[in-house]
Every structure is written in C-alpha cells, then in structure tokens.
Amino acid sequence: MKFGIVLFPGTNRDGDAWDAVTGPLGASAVRLWHKDHDLQGADVIILPGGFSYGDYLRAGAIARFSPIMQEVVAHARAGGPVIGICNGFQILCEAHLLPGALLRNASLQFRSMPVTLRVENANTRFTNQYKAGQLLRVPIAHGDGRFAIDADGLRALEDAGQVVFRYVDRNGQVTDAANPNGSLDNIAGIINAGGNVMGLMPHPENAIDPLLGSTDGLGIFTSILAHVAA
Amino acid sequence: MGATPRPGDPAITPALVADHGLTADEYDRLVAMLGRTPTLTEVGIISALWSEHCSYKHSRPVLRTLPTKAPHVLQGPGENAGVISIGDGLAIAFKIESHNHPSAVEPYQGAATGVGGILRDVFTMGARPIALLNSLRFGSLESPRVRWLVAGVVKGIGDYGNCVGIPTVAGEVVFDPSYEGNPLVNAMCVGLLKESDLIRAKAQGVGNPVIAVGARTGRDGIHGAAFASEDLSEASEAKRPQVQVGDPFTEKLLLEASLELITSGHIVAIQDMGAAGLTSSSAEMAERGDVGVTIDTTKVPVREPGMTPYEILLSESQERMLVVARRGHENEVRAILEKWDLVAEVIGEVIAEPVYRVTEGSKVVAEFPGSRLVTDCPVYHPEAREGEEVQRLRAMDVHAIAERPEESDPFWTLEQLLSSPTIASKTWIHRQYDSTVRGQTVVGPGHGDAAVVRIPGTTKAIALKTDCNGRYVYLEPRTGGRIAVAECARNVACTGARPMAITNCLNFGNPKRPEIFFQFREAVGGMGDACTALGTPVTGGNVSFYNESPGRAVFPTPTIGMVGLIDHVEQSVGGAFTTSGDAIVLLGEPTDELGASEYLSRIHGVTAGAPPRCDLERERLLVDVLLSAIGAGLVRSAHDCSDGGLAVALAESAMMNADAPRGFSVDLSAFTLPSRALLFGEAQGRVVVSTPDPQAVLQVAAQRGLPAFVLGTVGGIGEDVAFQVGSKRHTTSIARLATAFHDSIPNLMARVAVSSDDAAPAGSTR
Numbered sequence: 001m002k003f004g005i006v007l008f009p010g011t012n013r014d015g016d017a018w019d020a021v022t023g024p025l026g027a028s029a030v031r032l033w034h035k036d037h038d039l040q041g042a043d044v045i046i047l048p049g050g051f052s053y054g055d056y057l058r059a060g061a062i063a064r065f066s067p068i069m070q071e072v073v074a075h076a077r078a079g080g081p082v083i084g085i086c087n088g089f090q091i092l093c094e095a096h097l098l099p100g101a102l103l104r105n106a107s108l109q110f111r112s113m114p115v116t117l118r119v120e121n122a123n124t125r126f127t128n129q130y131k132a133g134q135l136l137r138v139p140i141a142h143g144d145g146r147f148a149i150d151a152d153g154l155r156a157l158e159d160a161g162q163v164v165f166r167y168v169d170r171n172g173q174v175t176d177a178a179n180p181n182g183s184l185d186n187i188a189g190i191i192n193a194g195g196n197v198m199g200l201m202p203h204p205e206n207a208i209d210p211l212l213g214s215t216d217g218l219g220i221f222t223s224i225l226a227h228v229a230a
Numbered sequence: 231m232g233a234t235p236r237p238g239d240p241a242i243t244p245a246l247v248a249d250h251g252l253t254a255d256e257y258d259r260l261v262a263m264l265g266r267t268p269t270l271t272e273v274g275i276i277s278a279l280w281s282e283h284c285s286y287k288h289s290r291p292v293l294r295t296l297p298t299k300a301p302h303v304l305q306g307p308g309e310n311a312g313v314i315s316i317g318d319g320l321a322i323a324f325k326i327e328s329h330n331h332p333s334a335v336e337p338y339q340g341a342a343t344g345v346g347g348i349l350r351d352v353f354t355m356g357a358r359p360i361a362l363l364n365s366l367r368f369g370s371l372e373s374p375r376v377r378w379l380v381a382g383v384v385k386g387i388g389d390y391g392n393c394v395g396i397p398t399v400a401g402e403v404v405f406d407p408s409y410e411g412n413p414l415v416n417a418m419c420v421g422l423l424k425e426s427d428l429i430r431a432k433a434q435g436v437g438n439p440v441i442a443v444g445a446r447t448g449r450d451g452i453h454g455a456a457f458a459s460e461d462l463s464e465a466s467e468a469k470r471p472q473v474q475v476g477d478p479f480t481e482k483l484l485l486e487a488s489l490e491l492i493t494s495g496h497i498v499a500i501q502d503m504g505a506a507g508l509t510s511s512s513a514e515m516a517e518r519g520d521v522g523v524t525i526d527t528t529k530v531p532v533r534e535p536g537m538t539p540y541e542i543l544l545s546e547s548q549e550r551m552l553v554v555a556r557r558g559h560e561n562e563v564r565a566i567l568e569k570w571d572l573v574a575e576v577i578g579e580v581i582a583e584p585v586y587r588v589t590e591g592s593k594v595v596a597e598f599p600g601s602r603l604v605t606d607c608p609v610y611h612p613e614a615r616e617g618e619e620v621q622r623l624r625a626m627d628v629h630a631i632a633e634r635p636e637e638s639d640p641f642w643t644l645e646q647l648l649s650s651p652t653i654a655s656k657t658w659i660h661r662q663y664d665s666t667v668r669g670q671t672v673v674g675p676g677h678g679d680a681a682v683v684r685i686p687g688t689t690k691a692i693a694l695k696t697d698c699n700g701r702y703v704y705l706e707p708r709t710g711g712r713i714a715v716a717e718c719a720r721n722v723a724c725t726g727a728r729p730m731a732i733t734n735c736l737n738f739g740n741p742k743r744p745e746i747f748f749q750f751r752e753a754v755g756g757m758g759d760a761c762t763a764l765g766t767p768v769t770g771g772n773v774s775f776y777n778e779s780p781g782r783a784v785f786p787t788p789t790i791g792m793v794g795l796i797d798h799v800e801q802s803v804g805g806a807f808t809t810s811g812d813a814i815v816l817l818g819e820p821t822d823e824l825g826a827s828e829y830l831s832r833i834h835g836v837t838a839g840a841p842p843r844c845d846l847e848r849e850r851l852l853v854d855v856l857l858s859a860i861g862a863g864l865v866r867s868a869h870d871c872s873d874g875g876l877a878v879a880l881a882e883s884a885m886m887n888a889d890a891p892r893g894f895s896v897d898l899s900a901f902t903l904p905s906r907a908l909l910f911g912e913a914q915g916r917v918v919v920s921t922p923d924p925q926a927v928l929q930v931a932a933q934r935g936l937p938a939f940v941l942g943t944v945g946g947i948g949e950d951v952a953f954q955v956g957s958k959r960h961t962t963s964i965a966r967l968a969t970a971f972h973d974s975i976p977n978l979m980a981r982v983a984v985s986s987d988d989a990a991p992a993g994s995t996r
C-alpha cells in the first residue's frame, strides 16, 4: 500500500499527511511533484492542505490544470482512490471529480479551531472503521470552506449517501452555531458517486496523536487500509 | 575614480539632505568620508543605512550592556536571527521585529509584511520556520478606528502565516489608550535547524557572484526604513505608498528555495532584503565579511522599466533575498530557483578592493570606502532624565483611592476585569490564525501560559511566549524591564520548560526626548538584570523608536520573546484546571501591591502607583520549583498571576477550556491583606497550580524555600465558584464569569462593520 502525496508549490500540510500515513499506519508514501506526470505507482492519492498556487484567484482554480492533476484525474476515473483535504477538497471540486464548490467562509474570516463532525456514512472505503453517527473531534483551518451546491445536486448527494461528514454540536445535533463556515446543511465532507473520491475541509491528519488532543482522524486512514485488505 | 551624478539628478542642497532625514552633522560626516560632494544615490543610501531603523545610532551603547553569552548560544546579536542549541545536533533560530508604523497607516499589509520579514530573517539562517508569535498593542476598542486597525492587523497576520503554512501559536494583545495613534505590531518567528546547517550572512571569497533571488524589484516601500524612524503625524497617512505589499505565496517558494540552496552547498552567504532593501543587505554582508562588493543596478530584475539606481537600491519590495554563491556554481543556483519558479540574476561580485560600489552599467553612481558606510554611522548618547509627570504618578498613594460601592461584591470587580479586553479571551483573534499546521502544536494559543511545539524525531518540545506590561515600564522603567523578562520566564516554566534565551523588540518614543531615553536606558537595564538572574541571554532583537503620535508617546514597551526547552514533551502542562477534586496551590505569596494594576486602570481609570516589586531571586526559585514539580508529574495545570492578580488567574484556569468551564472553591481567609490587593493586586512571582498531591507540591516548594499555600479545590464542569475572603463567603456561577471573559471582544468587534468608511481614514483603500 503506497500513498502518493501531491505537492503543489503552495502545499503546506504535506508533512502532516505524510506523518499520518507513515507514522501510526506504517504505510509507505511518496511525494508527487506538481510539474510531473508520474504517480510513481501510488495506490491512494492524497491532495493535502495549503494554498496550491497562492489561490489568490479562487482556491484550486489553477491547480486543476497542473501536469500532476491530469494523472490524478485519470487515476480517479479508473476507480483509484483519491482523498482531498481542505485545499485538496477545493481542487477536487475545481477538477470536477467532486460536485459543488467551496466558497469564502460566511464570516469572511479564516477559521482555525477544533470542530465536532458526525459520520453520516460509515459505509465507504474512507470511513468503514467508524460507526454511522459517531462523533469526531478534528481541527479545521480554512478561509474558503463554505460548501455550496444547487438544489438538485444537494438532493442527489443526500439520496445517494454521498454526504460523509457534517458539522454538529457536542451532542451530535446539526445547528447553525456548530457550523463554522456557513456550509450548506453543515456539510463538511462528501464522496463521489463512484465511492472512490472523497473531499473534506477538516484535517484528520492533525488528529492522529493523543498529545495533540485527538486521535479521531486516524480512522480515515485505517479505513483505507482496511478496504484494501478486505 | 569616484561616483558622478546621473544626468537629471537634483543638486545636493540642505533641503534635500533634510528631506532624507540626515542632520547637518551627519551630512558633514558623509562628505568627510567621501572627500567630495555625494551623489543623490549616495545620499539615498546613507539616509537608509544611517536611519535609526538600520543603524541603532541612539540605542547601541545601551544595548551593549545586555548579557548575550551562554554555552548554548550559537549565534548572538548581530545576525538575522539568534540561534541556540537544544541538543541532539539541533538548534533553534528565533527573532522578533516590529512593523509598527506601516501597520498604523495600512494595517493589513503592514502586519502581513511584518510576518514576511521575520520569516525571512529566520530561514536565512538555514532554519525551517516552525512557529510564529505576535505581540500587539492597540488603543481602546471603543474607538472605531482602533477596531479597523485590529481587524486589519489580525487578518494581515493570519493571511500571511496561514498561506506560508507556519502555525501562529502564541502571543499577547494589550489595549490601552496610550497606543491609540500608534499601535505596536511585533512579530516573532521560531525556526528549527541542524547545527551543521547554520549559515551566516557574511560575504566571502573574492570573485564570488552576488545574486538577487526571488521577487522582482518594484517601486514599493522606498524609504520604508526612514519612515520607521520618525514620529507618526497627520502627514503619515500620505506615506501609505511607502508600505510594502506582501505575497505569501512567493514567500513560500522563497522559503523552500532558500533552504534548498543552503543545504546544496552552492552558496556561501544569504541575507533577506528587508529594511532598506538591496542597499542594506549588500552593505551589511560586505561589512561582516570584511570584503568589497560591487553591484550593477542594470542587472537587477525589475518590475517596470525606467527605475533609477536610487529606486532600485532603496526599494523594499518584499520576498527577495541576496545570495553570495560559489563562483562557477551559478547554474546550479539558477536551477534550484527555477524549480520553484523564481528568478535569480547575478547582479554583482565580491571584490578584494575595499569599496562598496554601485554602477549603472559601466558608470559608477555610488562608491564608499571600505565598510565605512556601516561602521562610520554616528552614535549618539542622548540625555536621559526622568519625566516629572511619571514621578508624580508613581508617588501617588493608590491605597487611598476609595472603593466603588459595587466592589462589595468581588465578583462584580472580577467580571469587570475578565471583560477588560486586555484580559478577556482572545479567541476572536486566535481563531483567524492557523495554529495546527505542521502537526506539532501541543499547546496552542489560549490554552496555556506559553505555546508548546514538539520537535519531531526527539522527545523534546520548545515553549514560546512573548510578554511585556508597558504600564509597569511607564511607571518605573527598571522594574518594568525586569518584570517583562521574569513574567515571560514564569509563563514558559508553567508549561514545564526551562527558560533558555530571549529576543526583544524595544518599542519606545522619540529617543531625543530625555524622558524617553531615560525609559529606554532604565528598561534595558532592568531586562539585563533579569536575563542575568534567570540565565536567559539576549540573542538579538530590534529597536523601534519614534512610536509617537501627536501629543504623546506609547507606553514604553520592551517586548520579550522567550524560548524554553522541555526534555520530555509528554510532561508538558496547560493552564486549564482538568480534574474535579484537585487541590489548588499557590506558589509564591500575595503581598500588598496595587500600583500600576489593571484593577486601578479598569475599575478606577487610574494609571498610577509604583509597579509591583520584582524579586529576581524569588523568580528564579519559582522557576526551579515549577520545573521540579512538573517534572515529578505532580502538576495538572499551571498558570501565572499577572494582569488582574490572583482572582483573575484562578478564573482563567477555570475557564480556559471554553467547552468545559469548571467551578472551584478557595479559602483566602488566612491572608490578612486588604481584600482588593489580595484578589486583584499584581504581586509578582506567583503561579496557581492544580495537583492531585498538594503535600508533595508544598514539599518541593519548602525544599527550595519558596512560600506555597493550599488555597482550595477544583470543582466540576459548570459548578459554582466560591471565595472565602476574611469572614465573608462569596459565590457565583462560572457561567457569569465565562460570559464576561469569552464574550467581551466579540461583542466589541461586532459593534460596527470594521471596514466601514468612517473607521478607515480618508484615502484608505481597505
């Protein structure tokens, strides 16, 4: 099992993703440079957090045209697993591997804080180690995380169980106060219809160590391993 | 040989010299150095290099008195950043710097480029930045303009650090009317390096090429260093174009490229083009290496045609570095820069001839003998005399100030203090800073007395904090300087870290005024006393004078940035009570101090009295006791008593975890002080800890001769708070206190749209 961690020039959570998969999981990983066309045999692609090309225009808008993204798109179209975290989620939407878009936070401010997530679908290759309805404590750190999609798109996501995570309060309730960025229906993470591409705004790779406050993010990475082993 | 004027250069007149901020004496010194009339380009160069910001001409003799040496100090003052060893072949580079004046007129870009500059100072040493801190001072949040400044500065800091991907982990924010017209924005960066990768900005090797790296040079920020070296006034608004514009994405590229260059072995020196841009970076590198250097301005990559040598030399365009490469390795250097889509152009050469020469093509436009343009800068010894107003305020008998009727309920007073923006929760600010990126933040902003950042690949962590109580320094500069260092050490030790070294950012008014220079000399003296007593040498820093707006100077604010070391990160502790039933122990003792307190300021509107006494031997003992008790695993939380005294410290420990505020109960009847001094006085050398084993903590303290007292017990989440003071028992709900603490700043900032036109000065674009 080899993870490929894509490195755009403005990626800044590549090391965090690297630590998450090579540390507690003991998996192998390679960094994939944005100017290359080679996935180096990676089985799972991670698009980590950061500011791909500065993102002054629109987060991820330029990244989708990079050489490595041509290969990531081909990998995804062939059913290969791809996970986009934060900026990676934005890029997946820009690249049309996931539906919807991520807009400026409703507060118009960056938000860096721990949030509570509810697992909405534990029957995916990224969440099979969780239970449906399980609450996770995971940090967020973004300025453009407000998930938006048209009414038909939303219905399609809901009907097919493609909403994977929602922002909730400590009691697991979907409330406005628990929504850190104004996302539609408190959506924090979604998966594509094929079940092989997931994007989420929170940072599970920063919730892998009790010393740093939470290990709740680890389940995403162990789920990927469990899916492969199954 | 010698420089000649360019066609069209204006004549060098006394008015032109004065416009460049040079005194008649300084101009005469320049003429004597050159032996001829300087060219316009030369006047420009000297105006930048001899500005206060670059030359430290009023501060150097005083700064020389600071202790700078210890076995673990690898690099002291004089480089881009200080460096200390933390063992295992690893080192920490760190530095704090001000960006006050740019932030006063253009808060967003001013603060953003302050972060950019301090990041470059650290990665220039070969260190990868791992943490940012900032120390901010503003006027009252009641003022719409102050709210506009706060919103802009916070967004500027956040946008820059968040994009580069360096966590902002700690700092402090203080509000006082003295900072109304002149906010302070001090940014600190901390980097990690292998000792073997340490590189210095020292030009070496005759024939080696000098290379400009990074962003192109534009017309922004010309004379920024000079702007930073004068008082703010109405006219300062017109200097907004002197504020540079930041590009954090390019900074990220430059960071990666610079670290790759340093480890590649293809370069011998690297320096940030910061204040005074190309001029100061090239002159300082030549001076440190005791070599000559020649620069051809036509080779410098520029943003627009027609830029003169004067503009190219003095531009403060951001995200640029100057590199001295090994001769013959130019292509390797270029390849690394191209990988990161950055420009690298050879613009000059290290030469044997002891001159600093600037050419425009083949024509010499500036030429100085040897390194004298740096070393010949005048040094001033201004008069120092304490102001009479301060003496009068300090002598005031503050104990004679009558209590307000509402103070019969100590929780009323506590509520007022907890909602004072200086004390209140800063979550509104912190949540705009990415504090978790890089995945090593063990204690982030608002969760402990100092940040704790893990060092990967080791069992270690570092603790980081900035501190300074400007009101203390104003009322008694030497004591205030001592307390700034002692409080920082206390905060660092509260996490379980041994204080190691400091950097400092000395924010003062106009040094030509005797009462200001008195503040400066005495405060630095006090800092030096404390650094010696606590074993924390000074590794560098920055002086920012002229922090005045019409009518008044800011409180003298020598901000201390400290680094501490924790050997076993799992032993580190935060500031919040964690466990119901734990005993609350006070290390140190309450004494009758009321002067210079937040209590007097907030409740009575009085800035007066002498600041609390600072017993440095006691502070050292306290650090030792904390480290022993935490190292022995006895301590579950530790939080020092500072602004607002014991009552505020207890309440903060109870509410620091906003999701789970805890009640507590303390019995203070054993203390016979006046109750307001007991609860809200700011006696130094005190820390509140919670522990499952109070007897063991008392024993650790007793062994070292430190007074310590069991005060009470930590309660459960949502339970009540009780104080026994004298014969009276007072109780209240934790929710009441938590509301005061957590809602104050959000409520104030929500008052008006912070970008509204009435808040922003006329002509502002943001």
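Those sequence lines, one after another, are chains V and L. So in the working numbering, spot 226 of the first sequence is number 226, and the numbers just go up one at a time. So in the working numbering, spot 532 of the second sequence is number 762, and the numbers just go up one at a time. Ideal Cβ positions, reconstructed from N, Cα and C, are used throughout, including at glycine.
* Using a cut-off of 9 angstroms between C-beta atoms, extract the partners of F110 (chain V) located in chain L. => Under the 9 angstroms cutoff, chain L gives K385, G388, D389, N392, R661, Q662, Y663 and D664.
* Between A379 (chain L) and chain V, is there a C-beta pair that is closer than 7 angstroms? -> The question names Ala, but residue 379 (chain L) is Leu in the sequence shown. False, the Cβ-Cβ gap to chain V never drops below 7 angstroms.
* Cβ-based burial, V436 (chain L) [other Cβ within 10 Å; buried from 16] -> exposed
* Between which two residues does the beta strand (DSSP E) harbouring N364 (chain L) extend? -> R358 to F368
* To do: May I have the straight-line CA-CA distance separating F910 (chain L) from E158 (chain V), to the nearest angstrom?
  => 55 angstroms
* Whose Cβ in chain V lies nearer than 7 angstroms to the Cβ of L483 (chain L)? -> For L483 (chain L), the C-beta contacts it makes with chain V under 7 angstroms involve P9, in order along the chain.
* Does R13 (chain V) have its Cβ less than 7 angstroms from a Cβ in chain L? -> yes
* **Residue-level contact to chain L via CB, N206 (chain V), 7 angstroms cutoff** => Judged by the 7 angstroms Cβ criterion, N206 (chain V) is in contact with chain L.
* Going by C-alpha distance, which of L:L941, L:S920, L:S858 and L:V878 is nearest R934 (chain L)? -> L:S858
* Asked: Can you find a heavy atom of the ligand GTP that lies under 6 angstroms from the Cβ of L483 (chain L)?
  -> Looking at this structure, you won't find the ligand GTP or any other ligand, since it has none at all.
* To do: Give a yes or no on whether the minimum CB-CB distance between V781 (chain L) and chain V is below 7 angstroms.
  => A small fix is needed here, since residue 781 (chain L) is Gly in this sequence, not Val. Cβ-Cβ to chain V under 7 angstroms: no for G781 (chain L).
* Indicate whether at least one CB of chain V lies closer than 7 angstroms to the CB of V803 (chain L). => no
* Helix, strand or coil: how does DSSP classify T243 (chain L) here? -> coil
* Check distances from the C-beta atoms of the stretch 397 to 414 of chain L to those of chain V and list, in chain order, the residues that come in under 7 angstroms. => Considering only beta carbons, no part of the stretch 397 to 414 of chain L lies closer than 7 angstroms to chain V.
* Asked: Secondary structure at Y130 (chain V), three-state DSSP: helix, strand or coil?
  -> coil
* To do: Would you mind reading off the limits of the alpha helix (DSSP H) that contains G340 (chain L)?
  => P337 to F353
* Cβ-based contacts, 9 angstroms cut-off: residues of the stretch 785 to 818 of chain L near chain V -> For the stretch 785 to 818 of chain L, which is checked against every Cβ of chain V, the residues closer than 9 angstroms are V799, E800 and S802.
* Asked: With respect to the beta strand (DSSP E) encompassing T398 (chain L), which residues constitute its N-terminal and C-terminal limits?
  -> T398 to F405
* **Beta carbon of R624 (chain L) nearer than 7 angstroms to that of T524 (chain L)** => no
* Expected contact under 8 angstroms - CB spacing of G312 (chain L) and L428 (chain L) to nearest Å -> Rounded, the Cβ-Cβ distance is 11 angstroms, inconsistent with contact.
* Going by DSSP, name the residue or residues bridged to N737 (chain L). => Looking at the DSSP assignment, N737 (chain L) forms a beta bridge with L:S774 and L:T787.
* Would a check of beta-carbon distances place F971 (chain L) closer than 7 angstroms to chain V? -> no
* **CB contact flag (L363 (chain L), P651 (chain L), <7 angstroms)** => no
* Asked: Does the beta-carbon distance from V919 (chain L) to A879 (chain L) come in below 7 angstroms?
  -> Inclusion of V919 (chain L) and A879 (chain L) in the CB contact set at 7 angstroms is not warranted, their separation being larger than that value.
* **Straight-line Cα distance separating S281 (chain L) from G711 (chain L)** => The C-alpha of S281 (chain L) is placed about 25 angstroms away from the C-alpha of G711 (chain L).
* Asked: So the alpha helix (DSSP H) N192 (chain V) belongs to, where does it begin and stop?
  -> From DSSP, N192 (chain V) is part of no alpha helix (DSSP H); its letter is neither H nor E.
* Asked: What residues in its chain sit with their C-beta under 6 angstroms from that of S112 (chain V), if we drop five residues either side in the sequence?
  -> A141
* To do: Return no unless some Cβ of chain V is closer than 7 angstroms to the Cβ of P359 (chain L).
  => no
* Asked: Can you give, in chain order, each stretch of the beta strand (DSSP E) that sits fully within the stretch 543 to 610 of chain L and has at least 3 residues?
  -> 550 to 555, 573 to 581, 585 to 590 and 593 to 599
* To do: Quick one: list the residues of chain L neighbouring H37 (chain V), beta-carbon separation under 7 angstroms, in chain order.
  => Those do not exist, as H37 (chain V) stays about 16 angstroms from chain L at its closest Cβ, beyond 7 angstroms.
* Counting contacts by CB-CB distance shorter than 7 angstroms, is G395 (chain L) in contact with chain V? -> For G395 (chain L), the answer is yes, since a Cβ of chain V falls inside 7 angstroms of its Cβ.
* Asked: When the Cβ atoms of the stretch 768 to 782 of chain L are set against those of the stretch 849 to 867 of chain L, are three or more pairs found closer than 8 angstroms?
  -> no
* To do: Count the other C-beta atoms from every protein chain shown that fall within 10 angstroms of the C-beta of V138 (chain V), then say buried if there are 16 or more, exposed otherwise.
  => Burial call: buried.
* **Reduced DSSP category for E613 (chain L) - H, G, I as helix; E, B as strand; rest coil** => coil
* Asked: For A193 (chain V), does the count of other Cβ atoms within 10 angstroms reach 16, so buried, or fall short, so exposed?
  -> exposed
* Simplified DSSP assignment, three categories, for Y232 (chain V) -> Nothing about residue 232 (chain V) can be read from this structure; chain V reaches only from 1 to 230.
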